[in-house]
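Sequential numbering of the first sequence, starting at -8, is according to the working numbering. Read through the structure below, which is laid out as structure tokens, and then see the notes.
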Amino acid sequence: MSYDFNSIEAKWQKYWAEKGTFKAENTSEKPKYYVLDMFPYPSGAGLHVGHPLGYIASDIYARYKRHKGFNVLHPQGYDSFGLPAEQYAIQTGQHPAITTKENIARYREQLDTIGFSFDWSREVKTSDPKFYKWTQWIFIELFNSWYDKNEDTAKAITDLETIFALEGNTTVNAVSDEDIVPFTAEEWNNFTTKEKEAILLKYRLTYLAETEVNWCPQLGTVLANDEIVNGVSERGGYPVIRKKMTQWSMRISAYAERLLQGLQTIDWTDSLKESQRNWIGKSVGASVTFNVQDHDEVIEVFTTRPDTIFGVTFMTLAPEHELVQKITTSAQKSAIEEYIEATAKRSERERMADVKTISGVFTGAYAEHPFTKEPVPIWIGDYVLAGYGTGAVMAVPCGDQRDYDFAKHFDIPIINIFEGVDISEEAFADKEKTIIANSDFLNGLKYKKATKTAIYELEKINQGQGKTNYRLRDAVFSRQRYWGEPFPVYYVDGMPQMIDIAHLPITLPEVEKYLPTETGEPPLGRADMWAWDTEENKVVSNDKIDHKTIFPLELNTMPGWAGSSWYLFRYMDADNDTEFASKEALQYWQNVDLYIGGNEHATGHLLYSRFWTKFLKDRKYLSVEEPFKKLINQGMILGTSAIVYRISGSNRYVSKALKDQYETEELRVDVSLINNSDELDTEALKSWQPQFNTAEFELEEGKYIVGREVEKMSKRWYNVVNPDGICEQYGADSLRLYEMFLGPLEQAKPWNTAGITGVHSFLKKLWKLYHDGENFSVSDIKPTKENLKTLHKTIKKVEEDIENFSFNTSVSTFMIAVNELTAQKCSSREILELLVVLISPYAPHIAEELWNKLGHKESVSTVSFPVFEEKHLVESAKQYPISFNGKTRFTLELSLELSKEEIEKTVMAHEKTQQQLNGREPKKIIVVPGKIVNIVG
RNA sequence: GCUGAAGUGGUGGAAUUGGUAGACACGUUGGACUUAAAAUCCAAUGUCCAUUAGGACGUACGGGUUCAAGUCCCGUCUUCAGUACCA
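In structure tokens, the structure reads:
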């Protein structure tokens, strides 16, 4: 009976599905373990061999944990809102829901082929109204919350209203918009409803604000900071410009410190934590206010170096700074305006690319130094960013290179305030290495003390205070798209109102086209009336909502990261209609123990989901502070593209070795046309694409050899390898083993289909171990010492490997074990049963089949993991290399039972040792038990 | 520039964390079985010298610590990833 993997795999996949083998219960005597994959966006292209890598790793771990006696939650779902389906809808008119449904069906089919132990009864789809009902609910919760800095927690907005009514807002220490005006309780109580709403909006954790956003004209939408890479959109690579728009924002900045501190409590890689730290960008310093001479205005700056305040010789404002217009003198007006106009014209990208050119203009105005009262000229310059700090800096040319360059360029004086430091060539930025001079009360102090003193003195004259600044900006939450969650929001008198929770979900309306309206509204503007209650036959809501005639609805939709920020909790109780998940389920499953996914989400999804988790905890819906306890980034599997060389201007192609003799251009061709030796099937190429119909080839040694290039697996490079084909030809177990065998999980590595024969023949050998010719055959004879040694060596190594996520080395361990047992002609049931269990996380189908043939009724996945016993590994003797002065001369077989001294004695007595020593006395003898003997002469 | 990770055969990668470097696999070469191919099995395979026995050199490069270094320390170079006028 041969190893018929196709029928074996189909059989057990059907069995698992029918029996619900991997269904997790929300109550159990066993300890819980939650293993989660980053759920995929179901794209039209389907899966390539790179996608399942992380899923296979997590599946091995999940299966291992089941063997170890855990109640394992291992679900899967789809991040099914997104741009590609919408883009496709714009082009073809097909509703994104249909596209998405088809793509999901294809994904599911492919995933099932690989034999994952997912609990599909908990499947979630972010575009499913049953799911996004709760995304909308969380949005409403955020709207109804504010952040109390005193207690460092989010609270209900009704609490804030109560405080306002009793005390006004002066006692409140909240995270809010910056333009808060103080009011008393009496004033509050006299405000109109609209005025009250406008004020509350400045405190809510999701709020509407006219903000400068990243607008991408080609995509017709705004983008969050993490969706922009190098000044162009992450998706599509289109230019992004700054534009003022009224948008929903998430007050993630309220959580900056907790997001930073929380990193210490989770088991993520250093590089990932570092990315988040950089993104949050905490800097500690002071805010300092400078009075402007002959004006009532003050300029507030943020600095990390208040100790250098006596080195200030000028100030620089961002060109966009609001004070620029007010303080500019008439003599400088035209120059300033010209400069501002020129800066505005430059795109973000140009400004970023060109950091070397120093530019700026003097405003004609002067500020007053807080201590010396000397006049300080105020400049504007585009090296100061409007978006960071206050958009203004106090320039200390002796201590900051940018200020230094600016001062040199415009001939502004430079004061040296550092003891014994030469600043004739460049600024001195090393704060730890000197003491302050030339600085009145700071003279002779070191950086730390000077900073403290400076802040103290500033506070005394009411011109500054210690301040911590974060780079993290509030996240824009509106998208001008169709295929996303609609907001549960309508407007009365221009103020946003939440639709009552009882009416959720607010489902997406049908539209004729998926483009913005002619008047520039988002696609939802094409629908007349929605949020319609079909049962009552009226508009859903507290009131009638009709986007065109009565109350306007919010026409934006939520961004892609909305659903993915909380989906991990939905898996715990995926069918719940009354809560996002029941208290009991949340209490039982807590959070994700192991999360596996790509590292491209470092500053997006992984930050936003931490934010939402903390928020939901603050509002008492969760008891955990972090969503993902341990996180592993799997590396990308790269494609190996095949390149042919076309002689320029012809349809003639030359083999790789000959390409330098001609002027050629490189063309990528489909990797399926190439055999294992890089040889191109020229006939297949001709029929592959019309342009090759008449191709001629110049061969080397009768073959056309292609060039190879390792790059990202992508349709456009024709280097995509499909897992279905691999499963059909070698089986899912081979695919699973091979993906693990390829290399360390975290590392990027190229795919090479040729190598799969290695693991495939391993499975065949494994199969053979249980068969005598055509018949299944194991015997009841007692295992030999050798058998036991092989088995326990393997148990130990595999268990260690899985715990350390070194899945690649355990595949090798299995191969060695099977080779050894084959050589030992082992047919002992006792050994072979345990071996099957050991292998089952990696190759579950063959394990299940063999387990069944061994006469067991239950699934192998329910069996305990084999227990390692040290005693089987004890060896009676070992080869010791005998070295003289570090150089190995011969080896001796010595018993492990011998003590160090006995070994020494035996070695010294040996004739070869005496030969080597030649009568000399050894200086030192080093014996490492079980390893080595080194004699130093 | 800064931050993080990493440099080991023709290739992917091992090395119990300081103890015989190159496990395991691919590839290559030779052989067996076949009319042939596939499949399977066996052998060789870091480099150099040597007919053999054996020897020398070898983990990016240069130093150092140690009886012993791929592993630890100092310096240099290279690659990849992230990030950038952040005051």
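Where a beta carbon is used, it is the ideal one built from N, C-alpha and C, also for glycine.
Query - As assigned by DSSP and simplified to three states, the class of E849 - result: coil
Query - Distance, E288 Cα to T280 Cα - result: 10 Å
Query raised in the report: Do you know how far the Cα of L829 is from the Cα of S801?
Result: 10 Å
Query raised in the report: For P477, which beta-bridge partners are listed by DSSP?
Result: T548
**Report entry** Range of the contiguous beta strand (DSSP E) that encloses G457
**Finding:** 455 to 460
Report task. Take every Cβ of the region 63 to 73, pair it with every Cβ of the region 609 to 621, and state whether three or more of those distances are shorter than 8 Å. Result -> no
Query raised in the report: Does the distance from the CB of Y562 to the CB of T117 come in under 9 Å?
Result: no
Requested in this report: Report yes if the C-beta of Q578 is less than 8 Å from at least one heavy atom of the ligand MN; otherwise report no.
Outcome: The ligand MN is absent from the structure shown, which contains no ligand whatsoever.
Report task. Kindly list the residues whose CB is nearer than 7 Å to the CB of N469, restricted to its own chain and excluding five residues on each side of it in sequence; keep chain order. Result -> The sequence shown places Ser at residue 469, rather than the Asn named in the question. Cβ within range, chain order: V213, Q238, W239, N547.
Query raised in the report: Pick from F109, E860, V115: whose alpha carbon is nearest that of K92?
Result: V115
Query raised in the report: So R727 packs on A834, CB below 8 Å; how close in whole Å?
Result: 6 Å
Requested in this report: Apply the 10 Å Cβ neighbour rule to E9 and answer buried if 16 or more other Cβ atoms are within range, or exposed otherwise.
Outcome: exposed
**Report entry** Separation of I105 from R659, as counted between CA atoms
**Finding:** 29 Å
Report task. Give the secondary structure of C817 by DSSP, where H, G and I count as helix, E and B as strand, and everything else as coil. Result -> coil
**Report entry** Rounded distance between the beta-carbons of A386 and F397, thought under 8 Å
**Finding:** 7 Å
Report task. Look at the alpha carbon of L823 and the alpha carbon of I51, and state the distance between them as a whole number of angstroms. Result -> 20 Å
Report task. Please check the pair E136 and F301, which I expect to be a contact at CB under 8 Å, by giving their CB distance rounded to whole angstroms. Result -> Per the sequence shown, the amino acid found at residue 136 is Ser instead of Glu. Going by Cβ atoms, the distance from S136 to F301 rounds to 44 Å, so no, they are not a contact pair.
Requested in this report: Mind checking who V204 pairs with in its DSSP beta bridge?
Outcome: K234
Query raised in the report: Assuming V467 contacts T126 under a Cβ cut-off of 8 Å, what Cβ separation, rounded to an integer in Å, is found between them?
Result: 17 Å between Cβ atoms; not a contact.
Query raised in the report: If you follow the alpha helix (DSSP H) that T785 is part of, which residue opens it and which one closes it?
Result: 776 to 794
Requested in this report: Just the C-alpha distance for T334 and S244, rounded to the nearest angstrom, thanks.
Outcome: 28 Å
Query raised in the report: Is A633 helix, strand or coil by DSSP?
Result: strand
Requested in this report: Identify, in the order they occur along the chain, each residue of the same chain with its Cβ nearer than 7 Å to the Cβ of K755, setting aside the five sequence neighbours on each side.
Outcome: Y(-6)
Query raised in the report: Using the beta-carbon count (16 or more within 10 Å), is S556 buried or exposed?
Result: buried
Query - Neighbourhood of Y653 by C-beta distance below 8 Å, restricted to the same chain and skipping five residues each side - result: Y636, I638, S639, V645
Report task. Apply the 10 Å Cβ neighbour rule to G475 and answer buried if 16 or more other Cβ atoms are within range, or exposed otherwise. Result -> buried
Query raised in the report: Which term fits K605, buried or exposed, when burial requires 16 or more other beta carbons within 10 angstroms of its beta carbon?
Result: buried
Query raised in the report: In three-state terms, what does DSSP make of G976?
Result: Beyond the ends of the chain as shown, which are -8 and 928, falls residue 976; an answer cannot be given.
Query - Pair within 9 Å by beta-carbon distance, H58 and S850 - result: no
Report task. Check the C-beta distance from F30 over to G68 and give it rounded, since I have them as a contact under 8 Å. Result -> 5 Å
Query raised in the report: Counting Cβ pairs, one atom from each stretch, are 3 or more of them under 8 Å apart for the region 260 to 272 and the region 593 to 605?
Result: yes
Query raised in the report: Is there contact here, the region 82 to 101 with the region 22 to 37, by at least three beta-carbon pairs under 8 Å?
Result: yes
Query raised in the report: By how many angstroms is the C-alpha of E291 removed from the C-alpha of P75?
Result: 45 Å
Requested in this report: Starting from the Cα of G947, find the closest Cα among S325, A420, A493, V204 and give me that residue.
Outcome: Residue 947 is absent from the structure shown; the chain starts at -8 and stops at 928.
Query raised in the report: Who are F468's beta bridge partners in DSSP?
Result: Answer is none; F468 lacks a bridge partner.
Requested in this report: Could you tell me which residues DSSP pairs with I497 in its beta bridges?
Outcome: According to DSSP, I497 bridges with nothing at all.
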